[in-house]
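A.B. asks: Below you'll find the structure I mean.
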Amino acid sequence: MIRQPLTRREVIERCIGRGLLVAAVPMTSATLASLWAETESNARKPTPTDVLGPFFKKGAPKAELLRAPGDPGFPLRVSGKVFNTRGEVIHGAQIDMWQTDHEGHYDLQGFRYRTRLLLDNASEYAVETVMPGHYNDRPAQHIHYMITAPGHRPLITQIYFATDPFFEGDPDRNYKKRSIVGHRDLVRPVMLFEQPGAAHATVSFDICMEKA
Amino acid sequence: MQFLLCSLLAAAAFAQTLPGDRVIASDVAVGSLSYSADGVDIAGLCLDGKVRFWDARTGSLKRAVPFDKEDRVTLHGRAGAAAAAAGDGSVRIYDLKTGEVVRRLTGATSTVRTIVFSPDRKMFAGASRLRADGSENAVRTWDASGAAKLSLPAGLGGISAMAFSPDGGAIVAAGYDTDIRAWSTRNGELLRLMDDLPLSTFAMAFSPDGKYLATGGADRVVYLWDTKTWRIARKLTGQPELIYSLAFSPDGRLLVSGGASELTFRNPAKALFWDVATGKPVRSVTTPHLVTSAAFSPDGTRLATSSEQTISIWAVPAASPRP
Chain A
1 MIRQPLTRRE
11 VIERCIGRGL
21 LVAAVPMTSA
31 TLASLWAETE
41 SNARKPTPTD
51 VLGPFFKKGA
61 PKAELLRAPG
71 DPGFPLRVSG
81 KVFNTRGEVI
91 HGAQIDMWQT
101 DHEGHYDLQG
111 FRYRTRLLLD
121 NASEYAVETV
131 MPGHYNDRPA
141 QHIHYMITAP
151 GHRPLITQIY
161 FATDPFFEGD
171 PDRNYKKRSI
181 VGHRDLVRPV
191 MLFEQPGAAH
201 ATVSFDICME
211 KA
Chain B
213 MQFLLCSLLA
223 AAAFAQTLPG
233 DRVIASDVAV
243 GSLSYSADGV
253 DIAGLCLDGK
263 VRFWDARTGS
273 LKRAVPFDKE
283 DRVTLHGRAG
293 AAAAAAGDGS
303 VRIYDLKTGE
313 VVRRLTGATS
323 TVRTIVFSPD
333 RKMFAGASRL
343 RADGSENAVR
353 TWDASGAAKL
363 SLPAGLGGIS
373 AMAFSPDGGA
383 IVAAGYDTDI
393 RAWSTRNGEL
403 LRLMDDLPLS
413 TFAMAFSPDG
423 KYLATGGADR
433 VVYLWDTKTW
443 RIARKLTGQP
453 ELIYSLAFSP
463 DGRLLVSGGA
473 SELTFRNPAK
483 ALFWDVATGK
493 PVRSVTTPHL
503 VTSAAFSPDG
513 TRLATSSEQT
523 ISIWAVPAAS
533 PRP
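Going down the list, the protein sequences come from chains A and B. Going by this note's numbering, the first residue of the first sequence is number 1, and it counts up by one from there. Going by this note's numbering, the first residue of the second sequence is number 213, and it counts up by one from there.
Here you go:
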């Protein structure tokens with residue numbers, strides 16, 4: 001006999017019938033089923049990881065404006081939110097971000113283009129920076145991330161930029177080049193805006209962390 | 213007059229070449245280096261997976277021991293043994309004289325990346341991934357028979373340098389998260405979490421008497437840690453590049469730090485000979501690219517450095533007399 005899989009509503013009705021599911025607020029099985037469906041549709045895959053690299057520096061100050069007036073390089077805003085795998089925002093996440101300057105140099109003496117953000121309950125972050133440079137030993141532009149949050153596995157990753165000449169205009173095809181990029185999802189689309197006298201780029205990067 | 217003589221001597225010590233300096237050209241880039249116990253051969257772990265042996269005096273290539281290209285091979289000091297963490301998940305210890313497998317390590321070896329040997333070769337430690345993505349790591353140890361012993365959580369982002377103390381009583385590992393941990397090999401007790409440094413450590417070496425651990429990395433400073441307290445005893449500053457390799461002379465009076473340009477490892481870099489007693493460099497030499505590895509001859513009269521396809525043999529300057 002072939003069994004048809006149960007619908008969400010049937011599962012809920014059975015559980016209610018057997019006393020296995022008791023709602024704090026009276027709800028119909030239809031409402032519960034739609035809440036379930038909504039939760040499932042919000043479910044997220046954990047963000048792919050990437051290497052930490054040799055140039056992490058502990059103790060970066062909190063800064064949202066990494067670009068100093070007059071710094072060379074294309075202005076870039078990177079923003080996003082930190083979620084768990086159920087699509088809920090995570091409280092108390094901390095993000096270390098670090099990158100090279102426009103010319104491809106990491107600041108090893110100080111903390112230029114390095115920040116450690118403590119996110120509030122909305123779990124949103126945004127930094128104003130410049131497009132990182134290229135350097136010989138790692139020729140794809142990238143920004144490093146290390147994210148920690150209570151009750152969650154630490155996440156180490158990087159983002160790359162779809163506009164980077166490294167991808168030759170086709171990240172889908174070229175992201176595996178020279179084994180530099182950890183995962184296709186880490187190559188982010190770049191939106192360009194032109195304001196009078198000041199073009200800038202924005203990149204969105206939401207982060208999803210697994211429970212510890 | 214005395215001042216002039218001292219200046220001349222100092223200038224001579226800093227000259228780029230001294231009598232006895234020479235170069236061995238390799239067909240393939242060379243990683244870690246080691247002299248044989250009798251000082252006759254120099255062994256180099258090459259990028260093609262082979263361990264090559266050159267005559268240290270004439271520079272002629274004597275033989276090569278092949279490994280699988282996928283293997284991650286570690287060369288033991290004095291060139292007697294090599295460990296290979298193979299693509300199939302096994303870790304084997306080879307006798308490089310005979311080319312035979314002398315030990316197979318047991319337990320969770322599939323995640324092991326790098327192996328180090330205790331000086332007496334009676335213990336092995338490996339950097340091991342706790343997660344497939346390499347975010348969380350452990351140091352695992354094995355005894356002389358190859359039986360798994362300890363698994364020690366070792367921070368985030370991968371292990372950047374690791375070493376046993378000369379008496380084998382401690383294992384130390386530095387991580388790319390900038391923390392260094394020292395554990396007792398007897399019971400796995402964490403002797404100290406050395407979270408003092410803001411940047412990563414890329415190289416470490418114990419002084420032969422075990423009193424100091426030297427570390428160096430992205431901040432260009434050589435740190436000498438007192439191994440009684442595992443706290444920084446002294447800092448040696450002056451390396452112009454990132455520090456990528458470290459080696460103590462057999463008598464412990466000199467320490468060599470090898471550099472790597474932060475712009476690209478292809479740039480030339482310096483190796484500095486530090487007088488441990490005074491904390492001053494007594495000789496500075498330049499290699500064509502980064503200094504991947506530095507190894508003293510057993511008699512302490514020569515230092516070999518590897519820099520891509522160039523092995524350089526340098527005359528070792530005199531250190532201060534013992535107090």
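All C-beta atoms, glycine included, are put in the ideal place defined by N, C-alpha and C. Nothing here was measured: the structure is a model prediction, and the numbers come from that model.
Of the residues that make up the stretch 429 to 440 of chain B, which ones have a beta carbon closer than 7 Å to any beta carbon in chain A?
C.D. replies: Listed by position along the chain: Ala430 and Asp431.
A.B. asks: If you pair each beta-carbon of the stretch 468 to 484 of chain B with each one of the stretch 496 to 503 of chain B, do three or more pairs fall below 8 Å?
C.D. replies: Taking 8 Å as the limit for Cβ pairs, the verdict is that the stretch 496 to 503 of chain B does touch the stretch 468 to 484 of chain B.
A.B. asks: Suppose you measure from the CA of B:Ala297 to the CA of B:Arg316; what does that come to, to the nearest Å?
C.D. replies: One C-alpha to the other measures close to 10 Å.
A.B. asks: Would you mind working out which of B:Asp280, B:Asp332 and B:Ala294 sits nearest B:Phe376, comparing C-alpha positions?
C.D. replies: Measuring from the Cα of B:Phe376, the nearest candidate turns out to be B:Asp332.
A.B. asks: On the DSSP bridge assignment, give the partners of B:Ala360 in chain order.
C.D. replies: Bridge partners of B:Ala360: B:Trp354.
A.B. asks: Does A:Ile207 get closer than 8 Å to chain B when you measure Cβ to Cβ?
C.D. replies: Answer no: the Cβ-Cβ gap between A:Ile207 and chain B never drops below 8 Å.
A.B. asks: Could you give the C-beta distance for A:Met191 and A:Val82, rounded to a whole number, given that I count them as a contact under 8 Å?
C.D. replies: Contact flag wrong, Cβ pair sits at about 21 Å.
A.B. asks: Which of helix, strand or coil does DSSP assign to A:Phe205?
C.D. replies: Coil at A:Phe205, not helix or strand.
A.B. asks: Is any beta-carbon of chain B found at less than 8 Å from that of A:Lys176?
C.D. replies: No - not a single Cβ of chain B is within 8 Å of the one on A:Lys176.
A.B. asks: Using the beta-carbon of each residue, which ones in chain B are nearer than 7 Å to A:Ile147?
C.D. replies: By Cβ distance, chain B contributes nothing, its closest Cβ being about 11 Å from A:Ile147, past 7 Å.
A.B. asks: State the DSSP-derived secondary structure class of B:Phe485, mapped to helix, strand or coil.
C.D. replies: Reduced to three states, the DSSP call for B:Phe485 is strand.
A.B. asks: Can at least three beta-carbon pairs, one atom from the stretch 40 to 51 of chain A and one from the stretch 60 to 71 of chain A, be found at a separation below 8 Å?
C.D. replies: No, the stretch 40 to 51 of chain A is not in contact with the stretch 60 to 71 of chain A.
A.B. asks: Beta strand (DSSP E) containing A:Asn84: first to last residue?
C.D. replies: Element bounds for A:Asn84: Pro75 to Asn84.
A.B. asks: Which whole runs of the beta strand (DSSP E) in the stretch 283 to 340 of chain B are 3 residues long or more, in chain order?
C.D. replies: Within the stretch 283 to 340 of chain B, the complete beta strand (DSSP E) runs of at least 3 residues are 284 to 287, 293 to 297, 303 to 307, 312 to 317 and 324 to 329.
A.B. asks: Tell me which residues share the same chain as B:Ala385 and place their Cβ nearer than 6 Å to its Cβ, disregarding the 5 neighbours each side in the sequence.
C.D. replies: Contacts found: Val351, Ala366, Ile371, Met374 and Arg393.
A.B. asks: Any C-beta of chain B within less than 8 Å: which residues of the stretch 49 to 74 of chain A qualify?
C.D. replies: Correct list: Thr49, Val51, Leu52, Gly53, Pro54, Phe55, Phe56, Lys57, Lys58 and Gly59.
A.B. asks: Assuming B:Ala291 contacts B:Asp239 under a Cβ cut-off of 8 Å, what Cβ separation, rounded to an integer in Å, is found between them?
C.D. replies: In fact, because the Cβ distance is near 19 Å, the residues do not count as touching under 8 Å.
A.B. asks: Just to confirm, is the Cβ distance from B:Ser505 to B:Leu245 under 8 Å?
C.D. replies: Cβ distance < 8 Å, so B:Ser505 and B:Leu245 count as in contact.
A.B. asks: Which value, in whole angstroms, describes the spacing of the CA atoms of B:Ile537 and A:Pro61?
C.D. replies: The first residue shown for chain B is 213 and the last is 535, placing residue 537 of chain B beyond what the model contains.
A.B. asks: Identify the contact partners of A:Leu213 in chain B, using a Cβ-Cβ distance below 9 Å as the criterion.
C.D. replies: Outside the shown range of chain A, which is 1 to 212, sits residue 213 of chain A, and nothing can be said about it.
A.B. asks: From which residue to which residue does the alpha helix (DSSP H) around A:Asp172 run?
C.D. replies: Looking at the DSSP string, the run of the alpha helix (DSSP H) that includes A:Asp172 is Pro171 to Asn174.
A.B. asks: Do A:Lys58 and A:His152 have their beta-carbon atoms positioned less than 8 Å apart in this structure?
C.D. replies: Cβ distance not < 8 Å, so A:His152 and A:Lys58 don't count as in contact.
A.B. asks: Look at B:Thr441 and B:Leu411 and say whether their C-beta atoms are less than 8 Å apart.
C.D. replies: Contact flag unset, no.
A.B. asks: Which value, in whole angstroms, describes the spacing of the CA atoms of A:Tyr135 and B:Gly251?
C.D. replies: Taking the straight line from one Cα to the other gives about 40 Å.
A.B. asks: Could you list which residues in chain A have their beta carbon closer than 9 Å to that of B:Leu411, in chain order?
C.D. replies: Correct list: Pro54, Phe55, Phe56, Lys57, Lys58 and Leu108.
A.B. asks: Does the Cβ-Cβ distance between A:Arg178 and A:Ala162 come in under 8 Å?
C.D. replies: No, they are not a contact pair.
A.B. asks: In the structure shown, what three-state DSSP assignment does A:Thr49 receive?
C.D. replies: Three-state DSSP puts A:Thr49 in coil, outside helix and strand.
A.B. asks: Is the closest heavy atom of the ligand ATP to the C-beta of B:Lys334 under 7 Å?
C.D. replies: Inclusion of the ligand ATP in the displayed structure is not the case, the ligand content being empty and no account of it being possible.
A.B. asks: Alpha carbon to alpha carbon, how far is B:Ala339 from B:Leu259? Give it in angstroms, no decimals.
C.D. replies: Rounded to whole angstroms, B:Leu259 to B:Ala339 spans 20 Å at the Cα level.
A.B. asks: Answer yes or no: do A:Gln99 and A:Thr148 have a C-beta to C-beta separation smaller than 8 Å?
C.D. replies: For A:Gln99 and A:Thr148, no; Cβs fall outside 8 Å.
A.B. asks: Check this for me: beta carbons of B:Ala483 and B:Thr517, under 8 Å apart or not?
C.D. replies: For B:Ala483 and B:Thr517, yes; Cβs fall inside 8 Å.
A.B. asks: List the residues of chain A that B:Thr390 touches, going by C-beta distances under 8 Å, in chain order.
C.D. replies: Those are Phe56, Lys57 and Lys58, listed as they occur along chain A.
A.B. asks: Do three or more CB pairs link the stretch 42 to 52 of chain A to the stretch 163 to 171 of chain A at distances below 8 Å?
C.D. replies: The answer is no - the stretch 163 to 171 of chain A does not touch the stretch 42 to 52 of chain A, with fewer than three Cβ pairs under 8 Å.
A.B. asks: Leaving out five residues before and five after B:Ser219 in sequence, what residues of the same chain have Cβ atoms less than 8 Å from its Cβ?
C.D. replies: Model confidence at B:Ser219 stands at a pLDDT of 49, short of 50, so the residue's coordinates are unreliable; what they give is reported in the following sentence. For B:Ser219, where only same-chain residues beyond five positions count, there are no Cβ hits under 8 Å.
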